[in-house]
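Here the structure is laid out as structure tokens; the discussion comes afterwards.
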Amino acid sequence: MTAIWSGLRSGIAAATALTMTTVLPAFAETTITAVMHSGLRVLDPVITTAHITRDNAFMIFDTLVAQDADFVVQPQMANFEVSEDGLTYTFTLRDGLKWHDGGEVTPADCIASIKRWMQRDGGGQMINARMESLEATGDKSFALTLKEPFPYTLEAMAKPSGLALFMMPERLANTPANEPIPEMIGSGPFKFVQDEFQPGVKVVYEKNEDYVPAPGPQSWFAGAKDVKVDRVEWVTMPDAQTSLNALMNGEIDFLEQVPVDLLPLLEGMPGIESKVLAPLGGVSIGRMNFLYPPFDNPKIRKAAEMALSQEDVLTALIGNPDYFKVCGAIFGCGTPFEFTDGSESITSGGDIEGAKALLEEAGYDGTPVVLMQPTDVVTLTAQPIVAAQALREAGFTVDMQPMDWQTLVTRRASQAAPSDGGWNLFFTNWIVPEVSNPLGNIMLPGRGDAAWFGWPTDEEINGMLDDFANASELGDQKAIAQKIQAHVMENVNYIHLGQYFNPSAWSDKLSGVEEAPFPVFWGLEKNG
């Protein structure tokens, strides 16, 4: 898209006794226009794990600590010290931190933000269960003190996804965790332009001129978040061909997800670059509602899992096998906790006959499976269709209900009965870093109403997670992770559907595009 001209600036120059009016060179406002994987409607990054909400939050908010490209926790808004006994974490805010409305960032803001996050995030809940106190220790410092060591504390606070820990003004962070915050006021590198926000259609961000980048080099979500453009606009184009044409015609600058079957259109195209920016890729999963029939029955959950085939889903989703991997490891292939116990059925093509037999044994009575089907996100349209066919072949009654992704994101938070506007099953995707560690994988905790959507109650896995948190040796952690793998496959806490790799594409007018688990817009420059 061509740059937006903000007009001419004029100046007055005087020479000797003669006054002249001189028109200075035009000032071009630099705007990056991007098509992301979804439109944005839900803004609060605590009430949903939707990736587009997380992406929006990273534009506006900042984090106390951050994970760099080597998965190392780095200071971001605050430096930190850990006591020798591992019980007290002291954070000291760096100078120059201001909210977008001009207010100073204080320890009270951070404390309220942490407490709100603890209510919804699995790692935060585990910290909260061990917390003795969380209180200010000075004008710029506060301390988190635990009753017992929890080595995962900093990693939980630094993780970039699932539910990342964003800092908000105290007045916003005091909003109940099940209600959306009323404003998008952060301290991050961009400001949210409320007047130009069109839910589901367009989001606009302006450079935060008061932002003071953290010291250190830019690395994923850590270090300097140096904004080098004036504006970023996200525009929604649900049709993949339309968005690809817009990129090739210069109407947009960045396309987050290019369908693999359309990649040949970009080969040899001048002015366009394409690459998989997230080398670990993502995983696709199915989540069931544990509160209502039929999936309150573990045998029926298992029958559904047995009916599905990773290869069938990934072939429909991605097509080209160069861009997907049949992978039975719930923590991702290529990660330290890559175990495949219990995944034989789903990685070897499924077992429809076995699913039929188990469904009959479980006494399935034909209760409809309300399957929510997003229609506007290219990486989420295939899974429900393939799953519905397989489930019907196994003997399930399937009620597939189409909707846009943001409607699904809102509806999946409802605990209403499926017949009253609730649901039984939906599919979503995660980046591998979100699921690669048992304590960071938000789908694992079985804390009932405090668990992630689906609300399983599973004391056995909760115990395993506690054991993992208390294990200090990698060998012990691996042994526990392997038990969790087997348990998830047997109990079907969720259906693991394999690994995939989505390419992105962008105009060669952009420089500084970083390889990261999801797009970052700081460090990007646009020329021409």
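Residues 1004 to 1531 in the numbering used here are what the sequence shown lists, from first letter to last.
Cβ coordinates follow ideal geometry from the N, Cα and C atoms, glycine included.
What do you reckon, are the CB atoms on residue i and residue j nearer than 8 Å?
i       : j       : result
Val1329 : Glu1314 : yes
Thr1124 : Gly1099 : Note that residue 1124 corresponds to Asp in the displayed sequence, not to Thr. No. Outside cutoff.
Ala1390 : Ile1303 : no
Ser1163 : Pro1520 : Here residue 1163 turns out to be Pro, not Ser, going by the sequence shown. Cβ atoms of Pro1163 and Pro1520: closer than 8 Å.
Leu1320 : Gln1386 : yes
Ala1037 : Val1235 : yes
Leu1283 : Val1075 : no
Glu1259 : Ser1475 : no
Asp1071 : Trp1223 : yes
Ile1333 : Trp1433 : no
Val1238 : Ile1255 : yes
Val1204 : Gly1425 : no
Gly1353 : Ala1393 : yes
Met1160 : Leu1266 : no
Ile1208 : Lys1228 : Strictly speaking, residue 1208 in this sequence is Tyr, with Ile absent from that position. Taking 8 Å as the Cβ cut-off, Tyr1208 and Lys1228 do not qualify as a contacting pair.
Met1446 : Leu1411 : no
Val1372 : Pro1262 : no
Asp1065 : Met1080 : yes
Tyr1367 : Pro1421 : no
Ala1453 : Gln1128 : yes
Ile1035 : Phe1327 : no
Nearest to residue i by CA position, among the options, is which residue?
i       : options                               : result
Gly1449 : Leu1411, Pro1371, Asn1292 and Leu1266 : Asn1292
Glu1212 : Tyr1295, Trp1102, Leu1268 and Asp1073 : Trp1102
Asp1461 : Asn1473, Phe1083, Glu1356 and Asn1494 : Asn1494
Tyr1295 : Thr1370, Leu1250 and Phe1334          : Thr1370
Trp1455 : Met1039, Val1045, Val1049 and Thr1034 : Val1049
Leu1527 : Phe1429, Ala1081 and Lys1210          : Lys1210
Pro1241 : Trp1408, Phe1224, Ala1419 and Trp1525 : Trp1408
Met1170 : Pro1192, Asn1181 and Phe1153          : Pro1192
Met1467 : Trp1458, Lys1481 and Gly1457          : Lys1481
Pro1377 : Gly1352, Met1403 and Gly1357          : Met1403
Pro1185 : Phe1327, Asp1452, Gln1221 and Leu1046 : Leu1046
Lys1143 : Leu1374, Asn1082 and Phe1195          : Asn1082
Val1196 : Pro1262, Asp1233 and Ile1483          : Asp1233
Ala1310 : Thr1318, Gly1398 and Asn1300          : Gly1398
Tyr1155 : Thr1140, Thr1384 and Arg1133          : Arg1133
Asn1252 : Leu1268, Asp1264 and Ile1349          : Leu1268
Pro1152 : Ile1498, Phe1471, Pro1522 and Asp1198 : Phe1471
Thr1384 : Ala1360, Thr1350 and Phe1429          : Phe1429
Thr1431 : Asn1465, Glu1032 and His1040          : His1040
Asn1465 : Leu1477, Asp1452 and Ile1487          : Ile1487
Lys1359 : Pro1179, Arg1290, Lys1118 and Glu1396 : Glu1396
Gln1485 : Glu1032, Ala1115, Glu1341 and Leu1247 : Glu1341
Ile1498 : Val1523, Gly1345, Pro1522 and Glu1463 : Gly1345
Pro1522 : Met1062, Val1085, Gly1443 and Met1492 : Met1062
Pro1405 : Ile1388, Arg1044 and Val1316          : Ile1388
Glu1517 : Asn1427, Lys1305, Ala1416 and Ala1281 : Ala1281
Ala1115 : Arg1097, Glu1107, Gly1106 and Thr1178 : Thr1178
May I ask you to list the residues that DSSP assigns as paired with residue i?
i       : result
Val1235 : Ile1035 and Tyr1208
His1490 : His1490 is not bridged to any residue.
Ala1146 : Thr1093 and Glu1138
Pro1273 : Partner(s): none; Pro1273 has no beta bridge.
Tyr1503 : Gly1285 and Phe1327
Arg1290 : Phe1429
Pro1405 : Gln1376
Leu1513 : Lys1529
Leu1258 : Val1038 and Ala1508
Val1279 : Pro1506
Ala1225 : Ser1222
Glu1341 : Per DSSP, none; premise fails for Glu1341.
Lys1101 : Glu1107
Ile1483 : DSSP lists no partner for Ile1483.
Ile1130 : Per DSSP, none; premise fails for Ile1130.
Ile1114 : None, per the DSSP bridge assignment.
Ile1321 : Answer is none; Ile1321 lacks a bridge partner.
Ile977  : The structure shown does not extend to residue 977, since the chain is modelled only from 1004 through 1531, so no value can be given for it.
Within 8 Å of any Cβ in chain C, is that where the Cβ of residue i sits?
i       : result
Glu1151 : As a matter of chain content, chain C is missing from the structure shown, which is built from one protein chain.
- Task: Flag this pair as touching only if the segment 1271-1286 and the segment 1512-1523 have three or more C-beta atom pairs under 8 Å; answer yes or no.
- Result: yes
- Mind pulling the alpha helix (DSSP H) runs of 4 or more residues that sit fully within the segment 1168-1212? 1173-1176
- In chain order, which beta strand (DSSP E) runs of at least 3 residues are fully inside the segment 1416-1478? 1428-1434
- Query: Is the segment 1487-1503 close to the segment 1336-1356, with three or more CB pairs under 8 Å?
  - Reply: yes
- Item | Segments of 4+ residues assigned as alpha helix (DSSP H) that fall wholly inside the segment 1030-1084 | 1054-1063
- Message: For the structure I just gave you, are there three or more beta carbon pairs, one from the segment 1138-1153 and one from the segment 1090-1097, closer than 8 Å?
- Response: yes
- Query: Contact between the segment 1172-1179 and the segment 1109-1127: three or more CB pairs below 8 Å?
  - Reply: yes
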